[in-house]
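Colleague: Heads up: the sequence shown at position 58 corresponds to 47 in the working numbering, and the numbers run straight through without jumps.
Beta carbons are placed, not taken as given, at the ideal position from N, Cα and C, and that holds for glycine.
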Amino acid sequence: MSAKRKPLPPPALDEATVERLAQLFSALGDPSRVRILWALLSGELNVGDLAQRAGISASAVSHQLRPLRLMRLVRARKAGREVFYALDDDHVIDLFQRGLDHVRHE
-10 MSAKRKPLPP PALDEATVER LAQLFSALGD PSRVRILWAL LSGELNVGDL AQRAGISASA
50 VSHQLRPLRL MRLVRARKAG REVFYALDDD HVIDLFQRGL DHVRHE
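1) Quick check on R70: does DSSP put it in helix, strand or coil?
2) Between the region 36 to 44 and the region -5 to 8, do three or more beta carbon pairs fall short of 8 Å?
3) Taking the C-alpha atoms as reference points, what is the distance between I82 and L30?
4) Rounded to whole angstroms, what is the Cα-Cα separation between G32 and L76?
5) Drop a sphere of 10 angstroms on the beta-carbon of V36, count the other beta-carbons inside from all chains shown, and report buried for 16 or more, exposed for fewer.
6) In three-state terms, what does DSSP make of L59?
7) Determine, using beta carbons only, whether L57 and I25 come nearer to each other than 8 Å.
8) Rounded to a whole number of angstroms, what is the C-alpha to C-alpha distance between E95 and L34?
9) Measuring alpha carbon to alpha carbon, tell me which residue in V63, V72, P20 and R93 is nearest H80.
10) How should L54 be labelled, buried or exposed, when 16 other C-beta atoms within 10 angstroms of its C-beta is the threshold for buried?
11) Which term fits R22, buried or exposed, when burial requires 16 or more other beta carbons within 10 angstroms of its beta carbon?
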């Protein structure tokens, strides 16, 4: 019989990856940003609609959208004078849903 081998540890992360991952979790570490992402799960919204659904002021939404866009969690689309925001891609939806599942898990 052979002894059961422990799996090899994953390769070390490079410093740039570590920094970006920490920034990502930092971006998710603000309740207002979580509310914005939650609201955007329903689809594309402008700042006014985001503020209403997230239960925070339009100026707070605008302020919080910058770090979300920098981390590519949210994207913007301009239509005339109006700007609409949406979750950047399916990875963001998956990340948010997995986090929600984790905190709801008993």
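Modeller: Looking at the atomic coordinates:
1) Locating residue 70 in the sequence shown gives position 81, where the first residue counts as 1. Of the three classes helix, strand and coil, the one that applies to R70 here is coil, per DSSP.
2) no
3) For the purposes of this step, residue 82 is identified with residue 93 of the sequence shown, where counting begins at 1. For the purposes of this step, residue 30 is identified with residue 41 of the sequence shown, where counting begins at 1. Near 7 Å, if we compare the C-alpha coordinates of L30 and I82.
4) Position 43 of the sequence shown, counting from 1, holds the residue named residue 32. Position 87 of the sequence shown, counting from 1, holds the residue named residue 76. Between G32 and L76, the C-alpha separation is close to 8 Å.
5) Working through the sequence shown from its first residue, we reach residue 36 at position 47. Counting Cβ neighbours within 10 Å, V36 comes out buried, since at least 16 surround it.
6) Here the question's residue 59 lines up with position 70 in the sequence shown. Helix at L59.
7) Here residue 57 corresponds to residue number 68 of the sequence shown, with the count starting at 1. Here residue 25 corresponds to residue number 36 of the sequence shown, with the count starting at 1. Contact flag set, yes.
8) Within the sequence shown, numbered from 1, the residue matching residue 95 stands at position 106. Within the sequence shown, numbered from 1, the residue matching residue 34 stands at position 45. Approximately 33 Å, taken between the alpha carbons.
9) Numbered from 1 along the sequence shown, position 91 holds the residue referred to as residue 80. Of the listed residues, the one whose Cα sits closest to H80 is V63.
10) The sequence position of residue 54 within the sequence shown is 65, counting from 1. It counts as buried.
11) Taking the first residue of the sequence shown as 1, we reach residue 22 at position 33. When all chains shown are included, R22 counts as buried.
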